[in-house]
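Worksheet: one structure, shown below.
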Amino acid sequence: MKLEKITNTSEARRRHYEDACAAAHALDLVGERWALLVMRELMLGPKRFSDLRESLPGISANVLTQRLEGLEAAGALVRRKLPPPVSAQVYELTEWGYESEPIFQALGRWAARSPRHDPTLPFSAASFCLSLRTMLDPKRAEGLDARIGFRLGDETFLARLAEGRIEIARAPLEGADLVFAGTPPILAGAIYGGQPLDALERAGALTVEGERALAERFVTLFPLPPKAERSA
């Protein structure tokens with residue numbers, strides 16, 4: 000038993016930097032592989048275990064369980080049970096957990112400049128919606144006041160665009176001035192890849208309902224930063 004205790008203590012120490020820097024402590028809390036992506040998936044609201052696995056297809060059930068337990072122990076998320084008739088257990092970020100969104104925004108802006116970034120890889124609905132909150136150009140959005148809906152598979156999101164800002168939440172699409180329906184990669188292709196809406200609609204990959212002029216302008220509001228130069 001003593002040997003087991005010593006071994007466990009040594010393993011715990013290896014997972015920490017033993018450094019008083021707050022950035023080092025942040026990595027102690029969320030530096031394990033998948034931890035930040037679990038938090039990303041919860042940034043737009045609570046999810047069940049099965050929903051998290053579906054959004055993170057590369058993660059195993061065991062690893063997801065470990066990351067959820069670690070983030071709960073760190074105080075970044077909580078477990079709670081939904082009331083009847085659902086009665087399902089969900090995971091939700093704490094108020095402090097939600098404060099981490101600027102971390103994702105800064106990392107996203109920085110990594111978007113990487114010459115090695117591959118935008119064709121799969122990504123989730125939450126990742127797409129958070130990218131809009133990250134990449135919106137307030138100057139391009141000046142003067143716009145609109146509600147934009149997104150039907151992404153089984154999930155629906157409603158965005159409010161006003162005063163050069165965009166807020167997005169899981170919500171019904173009632174009252175939307177414009178609704179896009181498609182997969183996150185297809186929407187990203189239109190917004191970040193410059194693929195014409197008409198062509199995507201003709202291919203049956205995208206549906207646009209509502210104000211056409213608003214749709215054409217909306218997809219231009221999220222310019223990507225220039226790529227960093229490759230070292231020689």
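Going left to right, the sequence shown walks through residues 0 to 231 as numbering that gives the first Met the number 0 numbers them.
Glycine residues also receive a C-beta, built at the ideal position from the N, C-alpha and C atoms.
Per-residue DSSP class, three states only, for residue i
i: Leu-151; result: strand
i: Phe-48; result: helix
i: Arg-146; result: strand
i: Arg-229; result: coil
i: Phe-156; result: strand
i: Arg-132; result: helix
i: Arg-169; result: strand
i: Tyr-97; result: helix
i: Ala-110; result: helix
i: Gly-69; result: helix
i: Ile-102; result: helix
i: Pro-183; result: helix
i: Arg-115; result: coil
i: Thr-64; result: helix
i: Glu-141; result: coil
One or two residues paired with residue i in a DSSP bridge
i: Ala-161; result: Arg-164
i: Leu-92; result: Leu-76
i: Gly-209; result: Leu-177
Sub-8 Å separation of residue i and residue j beta-carbons
i: Trp-196; j: Gly-181; result: The sequence as given places Leu at residue 196; Trp does not occur at that position. Not in contact: Leu-196 and Gly-181 (Cβ atoms no closer than 8 Å).
i: Arg-112; j: Ala-227; result: yes
i: Leu-135; j: Leu-177; result: no
i: Ala-124; j: Glu-154; result: yes
i: Leu-157; j: Ala-175; result: yes
i: Arg-159; j: Arg-139; result: no
i: Leu-151; j: Pro-184; result: no
i: Phe-221; j: Phe-179; result: no
i: Pro-118; j: Tyr-191; result: yes
i: Gly-188; j: Gln-194; result: yes
i: Gly-163; j: Pro-121; result: no
Contacts around residue i, its chain only, beta-carbon distance under 8 Å, and the 5 residues preceding and following it disregarded
i: Arg-47; result: Ala-87, Gln-88, Val-89 and Tyr-90
i: Arg-132; result: Glu-100, Gln-104, Ile-165, Glu-166 and Ile-167
i: Leu-233; result: Residue coverage of the chain in this structure runs from 0 to 231, which leaves residue 233 outside it and unanswerable.
Chain-order list of residues whose beta-carbon lies under 7 Å from that of residue i (same chain, five-residue window excluded)
i: Ile-58; result: Trp-33 and Arg-52
i: Glu-31; result: Arg-66 and Gly-69
i: Tyr-16; result: Ala-23, Leu-26 and Asp-27
i: Val-207; result: Phe-179, Leu-196, Glu-200 and Ala-214
Close beta carbons around residue i, own chain, < 6 Å, minus the five adjacent residues each side
i: Arg-66; result: Trp-33, Ala-34 and Val-37
i: Gly-96; result: Ala-75 and Leu-76
Taking one C-beta from the region 124–135 and one from the region 162–169 each time, how about it: are there three or more such pairs within less than 8 Å? Touching, yes, given that three or more Cβ pairs across the two stretches are closer than 8 Å.
Can we say the region 18–35 touches the region 64–80, given the rule of at least three CB pairs closer than 8 Å? A contact exists between the region 18–35 and the region 64–80.
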